[in-house]
Amino acid sequence: MQGHGTGVRARLITYTPKGYWSTVTGWKDATPVSAALTELSTVGWKWKGGKRFAHGTRLCVEFNVVQGEPCAVIHR
3 MQGHGTGVRA
13 RLITYTPKGY
23 WSTVTGWKDA
33 TPVSAALTEL
43 STVGWKWKGG
53 KRFAHGTRLC
63 VEFNVVQGEP
73 CAVIHR
């Protein structure tokens, strides 16, 4: 997320095709990063296998400092 300062945290959540949501990970501190003239915050998670999501599930990143979540839709 561009322009965020310290204290940024994020977690992964899902929304099922029926509209239910659940958390996939706990909150994790973001790391401030600079690339040329752009400042942003990054968060990464390592998958240990076994995670499967139903077709049509939205996998989203929720940040503690902004509204809305960027999402990816799972297609199987």
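Each residue of the sequence shown is one higher than the one before, counting from 3 in our numbering.
Every residue gets a Cβ at the ideal spot worked out from N, C-alpha and C, and that includes glycine.
| Check | Outcome |
| --- | --- |
| Reference Arg13; option with closest CA among Tyr22, Pro19, Val26 and Lys20 | Val26 |
| 8 angstroms Cβ cutoff met for Arg60 and Tyr22 | no |
| Span separating the alpha-carbon of Met3 from that of Gly70 | Only weak support exists for where Met3 lies, its pLDDT of 48 falling under 50; the value from the coordinates is given anyway. When rounded, the distance between both Cα atoms is 12 angstroms. |
| Contact check, Ala37 vs Val45, beta carbons under 8 angstroms | no |
| Rounded straight-line distance, which links the Cα of Ala74 to that of Pro34 | 23 angstroms |
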